[in-house]
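Under full-length UniProt numbering, the residues of the sequence shown are numbered 1 to 189, in order. All residues carry an ideal CB built from backbone N, CA and C; glycine is no exception. Fair warning: this is a prediction, and the values are worked out from it, not measured in the lab.
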Amino acid sequence: MKVYTKTGDKGTTALFGGTRVPKDHIRIESYGTVDELNSHIGLIRDQDFNSHYKDILIEIQDRLFTVGAILATPPEKEVLKNGEKRLQNLGILESDIELLEKEIDTMEEALPPMTHFVLPGGHTTVSYCHIARCVCRRAERLAVHLSHNEPVADTAIKYLNRLSDYLFVLARKLSQDLNADEVKWIPRK
């Protein structure tokens with residue numbers, strides 16, 4: 001199979017199920033941003049830090065492929081002609097969201113309470129976490145925008161919301177673990 005098909009040369013692409021839409025369709029923006037987020041998380045995972053976080057990031061990347069598949073499937077193509085679900089055995093479960101919450105809680109137990117806003121930076125790995133957090137928020141906004149026009153699984157949006165929280169806390173925890181300078185935002189008087 002060739003990588004290039006030439007079917008998108010006129011600015012359209014196929015969703016799961018074959019429906020063709022413009023490449024700037026909100027559905028494409030949604031799952032494309034999830035793909036971008038997945039790449040940023042891969043970059044974080046390639047850094048030198050605790051292997052437990054790397055294992056969680058691999059799990060997250062796997063879940064993001066699922067979120068992407070959900071967003072790439074229009075509602076009218078969710079069920080195959082034989083009556084089976086197109087994304088059989090795929091979905092975001094409450095346990096996926098609970099894993100993120102558990103990880104957030106565990107990291108927060110080891111961190112001092114938040115008393116100020118933090119400027120992104122202090123260490124390259126921390127900065128990568130903040131970039132991924134921002135991309136995650138954009139993915140969430142786009143999925144919400146899509147949900148105003150077509151049904152989107154609530155758990156997919158909830159997962160993206162919780163993931164951005166996870167990435168923020170991971171940035172704080174890695175700042176601590178890597179002895180990075182955490183710079184406080186101080187508003188002008």
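Exercise. For the candidate residues 65, 59 and 91, whose alpha-carbon lies nearest to that of residue 154?
Worked result: 91
Problem set entry | Where residue 63 falls, given that 16 or more other Cβ within 10 Å makes a residue buried | buried
Problem set entry | For residue 183, three-class secondary structure by DSSP | strand
Exercise. Run through DSSP, which three-state label would residue 188 get?
Worked result: Under the three-state reduction of DSSP, residue 188 is assigned to coil, being neither helix nor strand.
Exercise. Which residues in the same chain have their Cβ closer than 7 Å to the Cβ of residue 137, if we skip the five residues on either side of it in sequence?
Worked result: Excluding five sequence positions before and after residue 137, the CB atoms of its chain that fall closer than 7 Å to its own CB belong to 164, given in chain order.
For this session: Would you kindly check if the distance between the Cβ of residue 11 and the Cβ of residue 35 is under 8 Å?
Result: no
For this session: Count the other CB atoms, across all protein chains shown, that sit within 10 Å of the CB of residue 111; report buried if there are 16 or more and exposed otherwise.
Result: Classification of residue 111: exposed, given that the 10 Å Cβ count is below 16.
Exercise. Is residue 182 near residue 74, with beta carbons less than 8 Å apart?
Worked result: no
Exercise. Residue 65 lies in the alpha helix (DSSP H); which residues open and close that run?
Worked result: 51 to 71
For this session: Could you give the DSSP three-state label for residue 100: helix, strand or coil?
Result: Helix, per DSSP.
Exercise. So who's on the other strand from residue 118, going by DSSP bridges?
Worked result: 184
For this session: Would you tell me roughly how many angstroms separate the C-alpha atoms of residue 102 and residue 24, rounded to the nearest one?
Result: 36 Å
Problem set entry | residue 58 versus 40, 82 and 32, residue with shortest Cα-Cα distance | Nearest of 40, 82 and 32 to residue 58, Cα basis: 40.
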